[in-house]
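Engineer:
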Amino acid sequence: WESEGAAFAAYFKGEKVVDLWGGYADSTSHRKWKNDTMTMLFSSTKSICAICFAILVDRGLVAYDDLVTKYWPEFGQNDKEKITIEILLSHQGGLAYVDKMIEEADIMDWRRMSKIFEDQKPNWTPGQEVAYHAMTFGWLIDQLIRRIDPGKRSLSQFFKEEIAEPHNLDLTIGAPLELEHRIARLAWAPKFLAARELIQYPTLLKMFWNGAFTPINLRNRIFQSATIFNNPDIRSLDIPSATGMGTARSLAKLHALIVDGKLLKAEILEKLFSDPIVLNQMDSLLLSNVSFGKGFFYTKNSQVL
């Protein structure tokens, strides 16, 4: 699908073994993809959310089996009082979408976002169904981190100060204007390439189709097309489920730091690498089998190096 330009990087046992880039960052202006070109991370940003939360668990500030209301009492309104952090992190909280139309002004005010989730009734009984919280996941984790972190930082600020800056990672959540000249422009894949991919991987069509028609996407302008994120005002927003920005090199390095035990203790890593709480279950929105746990999306690798 990345017919215009792309980058790929991989680490093995702490060493960078692949670091490739090529094509155009913006074909309309003939701007080539460079070694420091950044791109939207979209749902890879959720992995950043999960890593930040795991660090708080690692420091003994919170446990996965705690009730959300232990840290956010107001959240317990409207039949949400029994939701645990583990349930929320595994997309079982019943908050895959909200009834209120979310405006850009809401996104820019975390207190308004807090009230939206406090007032929301679950879409179904929490813990009874699995449904990918495509946009709401990051906002919910942000609300928790603001309450659990002793510094009361946002998720994006926590990530910047605790992980990105200390480890020299070219990653951010919400793109400041000074980075605009480095960001790749999003473009739709040519129809024949998209058709070829969907024929080869038919489950993608089902996932994209059902994901596009979730209530939160239908009701909110900023979620209706990926290319809306070419707007600097939109991609500068703090949306922890989607507006991560960075290089493939730094995204690979971040996950290498996790795997190699540089960010988390062994006991927390063991929890992350154990079987997820949701194992090969049907997602009621994506209509595909998924595995979720501790904030991560799990897939089984046929080959383990």
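Numbering (the UniProt record's numbering), first residue to last: 1 to 305. Glycine residues also receive a C-beta, built at the ideal position from the N, C-alpha and C atoms. It should be emphasised that the depicted structure is a prediction, and the values quoted were computed from it without experimental measurement.
#1: Look at the Cβ atom of residue 317, then the Cβ atom of MET38, and state whether they are nearer than 8 Å.
#2: Drop a sphere of 10 angstroms on the beta-carbon of ARG221, count the other beta-carbons inside from all chains shown, and report buried for 16 or more, exposed for fewer.
#3: Which residue wins for smallest C-alpha separation from LYS70, given the options MET101, GLN143, LYS294, ALA256?
#4: When the Cα atoms are used, what is the spatial distance from TYR298 to SER291?
#5: Out of GLN120, ARG249, LYS82, LYS271, state which residue places its alpha-carbon closest to the alpha-carbon of ASP128.
#6: What are the uninterrupted segments assigned as beta strand (DSSP E) that are 3 or more residues long and contained completely in the segment 135-182, given in chain order?
#7: Below 8 Å on the Cβ atoms is my contact criterion, and I expect ALA131 with HIS91 to pass it. Report the Cβ-Cβ distance as a whole number of Å.
#8: State the DSSP-derived secondary structure class of THR37, mapped to helix, strand or coil.
#9: Considering only the alpha carbon of each residue, which of LYS46, LEU89, CYS49, ILE51 lies closest to ASP66?
#10: Going by DSSP, what residue range makes up the alpha helix (DSSP H) through ALA252?
#11: Can you list the beta strand (DSSP E) stretches of 3 or more residues lying completely in the segment 6-55, in chain order?
#12: State the DSSP-derived secondary structure class of ILE222, mapped to helix, strand or coil.
#13: So which of GLY60, ILE173, ASN231, GLY93 has the shortest CA-CA distance to ASP149?
#14: Would you call ASP275 buried or exposed, if buried means 16 or more other Cβ atoms sit within 10 Å of its Cβ?
#15: With a threshold of 16 other CB atoms inside 10 Å of the CB of ALA226, please say whether the residue is buried or exposed.
#16: Just checking my contact of PHE8 with VAL17 at CB under 8 Å: how many whole Å lie between their CB atoms?
#17: What span of residues does the alpha helix (DSSP H) with MET113 cover, start to end?
#18: Just to confirm, is the Cβ distance from LEU186 to CYS49 under 8 Å?
#19: Classify ASP283 as buried or exposed, calling it buried when 16 or more other Cβ atoms lie within 10 Å of its own Cβ.
Structural biologist: Quick look at the numbers:
#1: Any question about residue 317 goes unanswered here, given that the chain covers just 1 to 305.
#2: Only weak support exists for where ARG221 lies, its pLDDT of 48 falling under 50; the value from the coordinates is given anyway. That one is exposed.
#3: GLN143
#4: 5 Å
#5: According to the sequence provided, residue 128 is Gln. The question's Asp does not apply to it. Among GLN120, ARG249, LYS82, LYS271, the Cα nearest to that of GLN128 is on LYS82.
#6: 171-173
#7: 6 Å
#8: coil
#9: LEU89
#10: 248-259
#11: 15-26
#12: At ILE222 the pLDDT is 46, less than 50, meaning the model places this residue with poor confidence and gives no usable figure here.
#13: GLY60
#14: exposed
#15: exposed
#16: The pair is not a contact, with the Cβ atoms about 11 Å apart (cut-off 8 Å).
#17: 110-119
#18: no
#19: buried
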